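The opening residue of the sequence shown carries number 583 in my numbering; numbering runs sequentially from there.
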Amino acid sequence: MLPVSTRTFALFLAAWIALTWADGARAGLSVGADSVAVPGLSMTGVEADIAPVSGGTGVTLALTAQKADIAAMGWRKIGLDLAGRLDRDELGRWNFDGDLRLRGAAGGAWTRATVHMAADESANTLEVSIRQDSSLAQVALPMDQTSHAQITLKNLPAGWLQGLLSTVWSGRTTTGRVNADLALDVLDGGLQAGGQFALDGVGFDSPGGKLAGEKLSGSGRLGVDNQADATVIDLDAALRGGALLLGPLYADLPGHAVQLSLSARSQKGALAVRKLRLTDPDALQLEGEVDFAATGDLSVLRLDRFNARFPAAYTRYGKGLLRSMGVESLDADGDASGHLAFGPKGLESFAVQTVGLDLARGDGQFGVQGLHGAIDWNVTDDRPATKLGWRALQVQRIPNGAADASLRSTGGTLALQRPFAIPVLDGQLRVQSLAWKPAATRGDRLQTSLALTQVDMAAFCRALGWPEFRGTVGGAVPSLRYVDDRVELAGGLSLNVFDGFVDITGMSLAQPFSAAPILTGNISLRKLDLALMTSVFDFGSITGRLDGGIDDLRLVGWKPAAFKAHLLADSGGRISQKAVNNLTSVGGGGIAGGLQGTVLKIFKTFGYKRIGLSCTLKGDLCSMGGLGAAKDGYTIVEGSGLPRLTVVGHQREVDWPTLVRRLEAATQGDGPTIH
């Protein structure tokens, strides 16, 4: 091989080829260069072998580059092997046919391709056609302006375009094929491209996983302007099928055409999308803009207009967003429209209008039928008053009747204009006041005042699937506040049940929307009729009155974590044999006073003076107690009359799951489920 300088490499090639044609030279030439550069192409470690064709016209050319950079394709430091025959036709056009092998190109592009090149000096054009299997790329460019090219792609694997895409985006293509007709200009500071494209099952993802697509198909027009500091992308497309992820927004696209247009700017990893317009005729139409930070997190979302038709809007576009909010499934029917603005500092405004919208969570925790009216809120501007109502409302399987509320946004607070009442289980929940700050992330978020009157306890039990018992629920909550991440209740609720009262006070709920909310409070029991109570729960008959309470109650994830419970019936009464056995089982004890099992069978009931039982729960351990100390334990039942009955508990500490199983066995599973 003859080594030459990089400046004369091209001259050697041209001169030798000319000599071969002119003089019929039969000698070959090997030439090398450290580097070769022409507009749009630079190579290092270059070797070229030229030899005349034996018994024919033209020359054979073999070109190898250890490293090649092709700016238009985004290829850097790839290996290149080109071998074939160069000839000149009767019109003076140069033609090259041979094989092309690239090493290390993104996506494994062109590892065993055939190539045809035609150069026409009179027309000032160079045409290149590269084919591998069913994939074809054609490039046409002026010979005096190689930085401009017309490119046609047919059935090209999307991964082969990874190098080109890397010049404008940090993500990667994974699957699918691309067809395109593009005009490309390589500039000093970047490139510009535009034209038509078609996708078939294309997939892509981003480094943070916040932007991704799968099995996307469609067609449209694309424009790209890539400069040193930023890239601008204009898109107008019709997408058919596949899935698209944009931060918390997930779209499961239908088989029919969904029109998508946008103008996006990518800079330093961040992406700003403007002039966003999506039209899915039977599901969703929207216009707006969206920004993503360099991490892929959503930073700005402004929907100037949206129209949603359910259930299609939810099944195609709403599932991902609601799952991020803890709602796994939703049944929806009806229409809704409005606008939404979420900025760098948080929620800025929203408005929704609807007529006859039905919504229901799949887990049955919430549902609304016939939602109608509007809501309009802004973080800074005052908004006109609106009315929002419903035909029926369900919360935790509790049915509520129709109601209408008048609301107005002032100074960032959405406030109730006048009190309204919600029918609930033959009673009423009256909302006296309500003030909500949607933009608040800490401090006072919501304040309301509530009054509950004459709610039927029997209907309440039926709704929850509990054994039915009579009574009413009522009470006042003069102040319910959502502060930071905690719901606090002032006042309390009073349940008139079993001819007595259950008072609930000091309630608070921390982390209400987490997987493990923390509920605390106190419960007081006053003068409950034990005969009514034990008949409902099938514990065994006990007469008399029960007092007690559950202090310092703490539930984590709706399961007891701590409390101090104490029950006392000290007015005397009768207790059945079944109730005696169940109390004995709960306390892990026995019957004192020499009373034998055979004697127990003779009597159906026994007189008692007092009954007492306590449990202090810490973690999974319950410290048991009763009326007082007894030999080897504590007294649960203090008898009265003959035969005199005394029930003693012997287990001072019982693990909570064991105690729950004992209580479930005692009531034969007919009472409310205790976790």
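Glycine is no exception: its CB is placed at the ideal position from the N, C-alpha and C atoms.
Note that this is a predicted model, so its numbers are computed, not measured.
Nearest residue (CA-CA) to Ala967, options Leu998, Leu975, Phe1051, Asp681: In this structure, Leu998 is the residue among Leu998, Leu975, Phe1051, Asp681 with its C-alpha nearest to the C-alpha of Ala967.
Under 8 Å between C-beta atoms of Gly971 and Pro1005: Contact flag unset, no.
DSSP three-state assignment for Thr897, whether helix, strand or coil: Thr897 falls in the helix class under three-state DSSP.
Buried or exposed by the 16-neighbour rule on C-beta atoms within 10 Å, applied to Thr1023: When all chains shown are included, Thr1023 counts as exposed.
Among Thr707, Met655, Val768, the one whose alpha carbon lies nearest that of Trp742: Minimum Cα distance to Trp742 is reached at Met655.
Given 8 Å, three or more beta-carbon pairs between the segment 1151-1160 and the segment 1123-1143: Touching, per the Cβ criterion.
Reduced DSSP category for Trp742 - H, G, I as helix; E, B as strand; rest coil: Note: Trp742 maps to helix in three-state DSSP.
Span separating the alpha-carbon of Ala903 from that of Phe1002: Residue identity differs from the one stated: residue 903 is Leu in this sequence, not Ala. When rounded, the distance between both Cα atoms is 32 Å.
Leu1177 to Leu1227 span [Cα, whole Å]: Confidence in Leu1177 is poor, its pLDDT being 49 and thus under 50, which makes the residue's placement unreliable; the coordinate value appears in the next sentence. Using only the alpha carbons, I get a separation of about 7 Å.
Closest Cα partner of Asp1038 within the set Leu1077, Glu930, Ser1196, Ser1117: Closest in C-alpha terms to Asp1038, from the list Leu1077, Glu930, Ser1196, Ser1117, comes Leu1077.
Spatial neighbours of Ala1174 in its chain, beta-carbon cut-off 6 Å, leaving aside the 5 residues before and after: Summary for Ala1174: the model assigns pLDDT 46, below 50, so the residue's position carries little reliability, and this model does not support an answer.
Beta-carbon proximity of Leu1034 to Leu1011, cut-off 8 Å: A contact, by the Cβ cut-off of 8 Å.
Which residues DSSP lists as bridging Gly776, in chain order: DSSP output for Gly776 lists Ala765, Gly805 as bridge partner(s).
Continuous beta strand (DSSP E) stretch holding Phe1042: start and end: Residue range 1039-1046 is occupied by the alpha helix (DSSP H) that includes Phe1042, with no beta strand (DSSP E) assigned at that position.
Closer than 7 Å: Ala839 CB and nearest the ligand SAH heavy atom: Among the ligands in the structure shown, none appear at all, so the ligand SAH cannot be discussed.
Whole runs of the beta strand (DSSP E) within the segment 1059-1146, excluding any shorter than 3 residues: For the segment 1059-1146, the full-length beta strand (DSSP E) segments reaching 3 residues or more read 1068-1079, 1082-1092, 1100-1111, 1127-1138 along the chain.
Contact between the segment 882-890 and the segment 919-938 (3+ Cβ pairs under 8 Å): The segment 882-890, when compared against the segment 919-938, does touch it at the 8 Å Cβ threshold.
Candidates Leu804, Gly791, Ala1045, Leu975: closest to Leu545 by CA position: Nothing can be reported for residue 545: it is not among the residues displayed for the chain, which extend from 583 to 1257.
Proximity of Ile632 and Val641 at Cβ, strictly below 8 Å: Taking 8 Å as the Cβ cut-off, Ile632 and Val641 qualify as a contacting pair.
Contact check, Ala825 vs Ala839, beta carbons under 8 Å: The answer is no: Cβ separation not under 8 Å.
Contacts around Gln947, its chain only, beta-carbon distance under 7 Å, and the 5 residues preceding and following it disregarded: The residues are Gln978.
Stretch-stretch touch, CB-based, cutoff 8 Å, three pairs: the segment 1158-1167 with the segment 1196-1212: Segment contact: the segment 1158-1167 against the segment 1196-1212, fewer than three CB-CB distances shorter than 8 Å; contact not assigned.
Rounded distance between the beta-carbons of Ser1061 and Arg1031, thought under 8 Å: It should be pointed out that residue 1031 corresponds to Ser in this sequence rather than to Arg. Going by Cβ atoms, the distance from Ser1031 to Ser1061 rounds to 6 Å, so yes, they are a contact pair.
Leu1241 in three-state terms, based on DSSP: Shown here, Leu1241 sits in a helix according to DSSP, grouped into three states.
Alpha-carbon spacing of Arg1027 relative to Thr1054, whole angstroms: Each residue's Cα considered, the two are about 31 Å apart.
Where Arg694 falls, given that 16 or more other Cβ within 10 Å makes a residue buried: By the neighbour-count rule (16 or more Cβ atoms within 10 Å), Arg694 is not buried but exposed.
Span separating the alpha-carbon of Leu645 from that of Asp663: Whole-angstrom Cα-Cα distance: 6 Å.
Cβ shell of Gln951 (< 6 Å), same chain only, five flanking positions each side left out: Spatial neighbours of Gln951 in its own chain (CB-CB distance under 6 Å, excluding positions within 5 residues in sequence) are listed in chain order as Asp940, Arg973, Ala974.
Range of the contiguous beta strand (DSSP E) that encloses Gly1221: Looking at the DSSP string, the run of the beta strand (DSSP E) that includes Gly1221 is 1215-1221.
Selected residue, minimal CA-CA separation from Ser919, among Thr639, Ser1015, Leu953: Answer by Cα proximity: Leu953.
Contact set for Trp657: own chain, Cβ-Cβ below 6 Å, skip 5 residues either direction: Apart from the 5 residues on each side of it in sequence, Trp657 sits with its Cβ closer than 6 Å to the Cβ of Ala687, Gly745 in its chain, given in chain order.
Check whether Glu980 and Ala1045 have beta carbons under 8 Å apart: The residue asked about is misnamed: residue 980 is Ile in this sequence, not Glu. Against a cut-off of 8 Å, the Cβ pair of Ala1045 and Ile980 comes out as a contact.
Run of the beta strand (DSSP E) containing Thr1258, from where it starts to where it stops: With the chain covering 583 to 1257 only, the question about residue 1258 has no answer from this structure.
Every unbroken beta strand (DSSP E) within the segment 653-713, with a cutoff of 3 residues, ordered by chain: With a minimum length of 3 residues, the continuous beta strand (DSSP E) runs that stay inside the segment 653-713 are 657-670, 676-685, 695-702.
Reference Gly1074; option with closest CA among Ile1100, Arg1068, Phe1083, Asp1066: Of all alpha-carbon atoms in Ile1100, Arg1068, Phe1083, Asp1066, the one lying nearest the alpha-carbon of Gly1074 is that of Phe1083.
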